[in-house]
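K.L.:
Pasting a structure below so you can have a look.
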Amino acid sequence: MIVDTLQNLITNPSPSSAVLALPAAVLLYHFVPWLLDSKGIRKYPGPFLAKFTDSWLAYISKQGYRSELIHDLHLKHGPIVRIAPNHLSVADSVALNSIYGHGSGTLKSDFYDAFVSIERGLFNVRDRSEHTRKRKIIAHIFSQKSVIAFEPKIQMYITQFLHQWDRLYDMAAKGMSGDDGEGGWEGKNGRLYLDVLPWMNYLAFDMIGDLAFGEPFGMLAAAKDMALVPKDQNSMMNAYGKEAKQDDTISVPVINVFNNRGEFNLTMSAIPPRWRPLARKLPGLAQGSRDVKTVAGIAVAAVSKRLAAPTDRVDLLSKLQSGRDANGNPMGKEELTAEALTLLIAGSDTTSNSTCAILYHLAANRESQDKLHKELDEQLGTEDELVATSEQIKRLPYLDACINEGLRIHSTSGIGLPRIVPEGGLEVMGEHFPEGTVLSVPSYSIHRDPEIWGDDYEAFRPERWFERDQAAMNRAFNPYSVGPRACVGRNLAAMELSMIIASITRRFDFELEYLGQVMEIREGFLRKPLQARLGIKRRNL
Ligand code: HEM
């Protein structure tokens, strides 16, 4: 009947047959693949709409709490859930190595095409040999030995940060209030009340700005969210290497633009690639397209400035400049900019969201915070550096447990990162998945497996890291992913997190603004806190 209607439309088009044929065609387009079930995945449970169309995943991605929704589905249906016609979510830590490990043969799926801007960088390149070439250049930059060389810079920005909070604290102690930092600050009950989230952003963006581009954005000094972007991005790209004039750029707030970009990209990534150009123009998504360009503009402006005025500084950009492209030549301007952009995006709000979440959980859990203060006082008490050093953080096991617990419970990278099953198929948890199927393991869910973490998995309790099966926890702990596409900046991230949390909590005590205060979170590609207003008191050291 449906086929007859379609044939009729083709051979004998009329307005009334078009009205009938369009829904019939849509129905066929989605229903026939389900009926044929060429990959044999119809048996897996999931939401009704997700069996037929990618729109279900695109829709829930736009809502801002994808990880929670997928987690609820796993609680209802078990470890394997169909979340799109060709995408299965596998919530079991034993699947991590089979899907992401070296030797799994999987590649990143077309999900990552939605994240390409300028050109493919290390994070969104999908071709195996291209990835291997890029990864060799960049992994070298982040080896443990190279990362130690960044320590003085990290110390410098944490010191600047502590001086800013000291300054506000001294004024707050006199009962004053002010507007430095988003949302301002207020002195009451002997504490300084402020939203720590923007401050964590200023710190992380200035650090990565300096490490990647040779100079900070100046957010900490100004207590303000700002970065330089080109007035005209295309002409700045074309003029690369020529004299860059100060008035070619303007200063704009960028942190919200980063958030919108992440949310936009996540929604686009769930839409099949052929529909993406159209979707970009929809009213709810058009702004996201502009935000992607603004974020890219930060790297364009910074790389342009560097190429116009070469320096002998050693930073991430100079190290990228000594890398070679696929033909053995120095990287071209597009590749150089794309890689600098990748490091800026991957190394900024990942760190700030995580530090913000850890501070919130310490404020909400007095006992854990007291234990951390005790460890810091006992281990570093007599040493008078303002900022903890990379040597000192090695002897702080409770600090490690607090950071791991924060990364587990918050899971800034919470969604399953999609991978395509290679030729010959893949065995995962005793099930065979045919070539071309997309599989992913959601970190948010495996970080909440009661068998691994205990029945109190929703609680922030660093002690679990000393009490439970260490090997099982290590296997299921996935903040940086695993295998060939795991976080290349992990050594830097771990050093930053430890130095920041140790230094800030050694100097200050944290309290929630009110009892029962919940840190709201919104998810794009990352799970990001929306705000964390805390009361801060300087400790007597
Ligand atoms: C707490 C901080 C961080 C967390 C939780 C984190 C997490 C992750 C995760 C989960 C991935 C895998 C993404 C995927 O497969 O789609 C990843 C990849 C990556 N990360 Fe990080 N990251 C952090 C900090 C950093 C830093 C500081 C840098 C560098 C400055 C960085 C650079 C990268 C890059 C370039 C990739 C892509 C690697 C590849 O595909 O080969 N990350 N990160």
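Each residue of the sequence shown is one higher than the last, beginning at 279 in our numbering.
Don't be surprised by glycine CBs; every beta carbon is placed ideally from N, CA and C.
#1: Would you identify the three-state DSSP class for Ile280, choosing helix, strand or coil?
#2: Since I believe Pro762 is in contact with His845 (beta carbons under 8 Å), could you give me their beta-carbon distance rounded to a whole number of angstroms?
#3: Nearest-angstrom Cα distance between Leu314 and Ile549?
#4: Would the beta-carbon of Lys828 fall within 8 Å of that of Leu489?
#5: Mind checking Gln670: buried by the 16 CB within 10 Å criterion, or exposed?
#6: From the DSSP output, in three-state form, read off Lys611 for me.
#7: How would you label Asn605, buried or exposed, when you count the other beta carbons within 10 angstroms and need 16 or more for buried?
#8: If we ignore side chains and look at the alpha-carbon of each, how far apart do Gln748 and Glu464 end up?
#9: Please determine whether the Cβ atom of Ala501 lies at a distance below 7 Å from any heavy atom of the ligand ZN.
#10: With hydrogens ignored, establish whether the beta-carbon of Thr629 is closer than 7 Å to any heavy atom of the ligand HEM.
#11: With a CB to CB cut of under 8 Å and the five nearest residues on each side skipped, what residues in its chain are close to Val581?
#12: What do you get for Asp648, buried or exposed, if any count of 16 or more other CB atoms within 10 angstroms of its CB means buried?
#13: Whole angstroms is fine: what's the gap from Leu505's alpha carbon to Leu306's?
#14: Can the beta-carbon of Phe542 be found less than 8 Å from the beta-carbon of Asp627?
#15: So, for Gly694: in the same chain, excluding its five sequence neighbours on each side, which residues have a beta-carbon less than 6 Å away from its beta-carbon?
#16: Thinking Ala666 and Met777 are a contact (beta carbons under 8 Å), I'd like their distance in whole angstroms, please.
#17: Below 7 Å, is the gap between the Cβ of Thr527 and the nearest heavy atom of the ligand HEM?
#18: From the DSSP output, in three-state form, read off Gly625 for me.
#19: Any heavy atom of the ligand HEM closer than 7 Å to the CB of His409?
#20: Under the DSSP definition of a beta bridge, which residues are partnered with Leu717?
#21: Any idea if Asn769 is buried or exposed, counting beta-carbon neighbours within 10 angstroms, 16 or more meaning buried?
#22: What are the uninterrupted segments assigned as beta strand (DSSP E) that are 3 or more residues long and contained completely in the stretch 714 to 762, given in chain order?
#23: Do you know whose CA, among Arg805, Arg811, Leu804, Thr783, lies nearest Val796's CA?
#24: Along the chain, where does the alpha helix (DSSP H) containing Val425 start, and where does it finish?
#25: Which same chain residues, not among the five before or five after Glu789, have their C-beta less than 7 Å away from its C-beta?
#26: Just the Cα atoms here: how many angstroms apart are Tyr343 and His688?
#27: Does the Cβ of Cys765 lie closer than 7 Å to at least one heavy atom of the ligand HEM?
#28: Do Ile256 and Cys634 have their C-beta atoms closer together than 8 Å?
#29: For Leu475 and Leu808, what's the separation of their Cα atoms in angstroms?
#30: Taking only the alpha-carbon atoms, compute the straight-line gap between Val281 and Tyr735 and give it to the nearest angstrom.
#31: Give every residue of the same chain whose Cβ lies closer than 7 Å to the Cβ of Ser242, excluding the five residues on either side of it in the sequence, and list them in chain order.
#32: Let me confirm a value: Ser421 is counted as buried when at least 16 other C-beta atoms fall within 10 Å, else exposed. Which label applies?
#33: Could you tell me which residues DSSP pairs with Gly465 in its beta bridges?
#34: Along the chain, where does the beta strand (DSSP E) that runs through Ala451 open and close?
#35: Does the Cβ of His365 have 16 or more other Cβ atoms within 10 Å, making it buried, or fewer, making it exposed?
#36: In chain order, which alpha helix (DSSP H) runs of at least 4 residues are fully inside the stretch 481 to 546?
P.N.:
Once the coordinates are examined:
#1: Residue mapping note: residue 280 aligns to position 2 of the sequence shown, counting from 1. Caution applies to Ile280, whose pLDDT of 45 falls short of 50 and renders its modelled position unreliable; the model cannot decide the point.
#2: This structure cannot speak to residue 845, because the chain is shown only from 279 to 819.
#3: Stepping through the sequence shown from its first residue, residue 314 is reached at position 36. Stepping through the sequence shown from its first residue, residue 549 is reached at position 271. Distance between the alpha carbons of Leu314 and Ile549: 22 Å.
#4: Lying outside 279 to 819, the shown extent of the chain, residue 828 is not represented and no answer is given.
#5: Mapped onto the sequence shown, residue 670 falls at position 392. Buried.
#6: Counting from 1 along the sequence shown, the entry for residue 611 is found at position 333. Under the three-state reduction of DSSP output, Lys611 falls in the helix class.
#7: For the purposes of this step, residue 605 is taken as the residue at position 327 of the sequence shown. Its Cβ having fewer than 16 others within 10 Å, Asn605 is exposed.
#8: Counting from 1 along the sequence shown, the entry for residue 748 is found at position 470. Counting from 1 along the sequence shown, the entry for residue 464 is found at position 186. Their Cα atoms are separated by approximately 43 Å.
#9: In terms of ligand content, the structure shown lacks the ligand ZN and carries the ligand HEM instead.
#10: The residue you call residue 629 lines up with position 351 of the sequence shown. At least one heavy atom of the ligand HEM is nearer than 7 Å to the Cβ of Thr629, so yes.
#11: Within the sequence shown, the letter at position 303 stands for residue 581. Excluding sequence neighbours, Val581 sits near Phe491, Tyr518, Leu595, Lys611, Leu614, Thr615, Ala618.
#12: Numbered from its first residue, the sequence shown carries residue 648 at position 370. That one is exposed.
#13: What you label residue 505 is simply residue 227 of the sequence shown in a count that begins at 1. What you label residue 306 is simply residue 28 of the sequence shown in a count that begins at 1. Correcting the residue type first, residue 505 is Ala in the shown sequence and not Leu. Ala505 and Leu306: Cα-Cα distance of roughly 49 Å.
#14: As a working mapping, residue 542 is identified with position 264 in the sequence shown. As a working mapping, residue 627 is identified with position 349 in the sequence shown. It is not a contact, given that the beta carbons lie outside the stated cut-off.
#15: Numbered from 1 along the sequence shown, position 416 holds the residue referred to as residue 694. Once the five neighbours on either side are set aside, the close Cβ partners of Gly694 are Ser367, Ser718, Val719, Pro720.
#16: Within the sequence shown, the letter at position 388 stands for residue 666. Within the sequence shown, the letter at position 499 stands for residue 777. That belief holds up - the Cβ atoms of Ala666 and Met777 are roughly 5 Å apart, short of 8 Å.
#17: What you label residue 527 is simply residue 249 of the sequence shown in a count that begins at 1. Not so, every heavy atom of the ligand HEM lies at least 7 Å from the Cβ.
#18: Taking the first residue of the sequence shown as position 1, residue 625 is located at position 347. Here Gly625 sits in helix by DSSP.
#19: Residue numbering aside, residue 409 sits at position 131 when the sequence shown is read from its first letter. Indeed, a heavy atom of the ligand HEM lies less than 7 Å from the Cβ.
#20: Counting from one through the sequence shown, the residue named residue 717 turns up at place 439. Looking at the DSSP assignment, Leu717 forms a beta bridge with Leu366, Arg697.
#21: For this step, residue 769 is matched to residue 491 along the sequence shown. Per the 10 Å Cβ criterion, buried.
#22: 716 to 718
#23: Within the sequence shown, residue 796 is the residue found at index 518, counting from 1. Closest option to Val796, Cα to Cα, is Arg811.
#24: Here the question's residue 425 lines up with position 147 in the sequence shown. Run containing Val425: 422 to 426, per the alpha helix (DSSP H) assignment.
#25: Numbered from 1 along the sequence shown, position 511 holds the residue referred to as residue 789. Closer than 7 Å at the Cβ level, and outside the excluded window around Glu789, lie Arg469, Ala641, Leu812, Gly813.
#26: The sequence position of residue 343 within the sequence shown is 65, counting from 1. The sequence position of residue 688 within the sequence shown is 410, counting from 1. Those two C-alpha atoms are separated by around 13 Å.
#27: Locating residue 765 in the sequence shown gives position 487, counting from the first residue. Yes, the Cβ of Cys765 comes within 7 Å of a heavy atom of the ligand HEM.
#28: Outside the shown range of the chain (279 to 819) lies residue 256, about which nothing can therefore be said.
#29: The sequence position of residue 475 within the sequence shown is 197, counting from 1. The sequence position of residue 808 within the sequence shown is 530, counting from 1. Taking the straight line from one Cα to the other gives about 8 Å.
#30: On the sequence shown, position 3 is the one that residue 281 refers to. On the sequence shown, position 457 is the one that residue 735 refers to. Caution applies to Val281, whose pLDDT of 45 falls short of 50 and renders its modelled position unreliable; the value that the coordinates give is listed next. Taking the straight line joining both Cα atoms gives about 53 Å.
#31: Since the first residue shown for the chain is 279 and the last is 819, residue 242 is missing from the structure and cannot be characterised.
#32: Looking up residue 421 in the sequence shown gives position 143. Classification for Ser421: exposed.
#33: Looking up residue 465 in the sequence shown gives position 187. Beta-bridge partners of Gly465 (DSSP): Leu470.
#34: Within the sequence shown, residue 451 is the residue found at index 173, counting from 1. DSSP places Ala451 in no beta strand (DSSP E) but in the uninterrupted alpha helix (DSSP H) bounded by 429 to 451.
#35: Taking the first residue of the sequence shown as position 1, residue 365 is located at position 87. Around the beta carbon of His365, a 10 Å sphere encloses 16 or more other beta carbons of the protein chains shown; the residue is thus reported as buried.
#36: 497 to 500, 511 to 516
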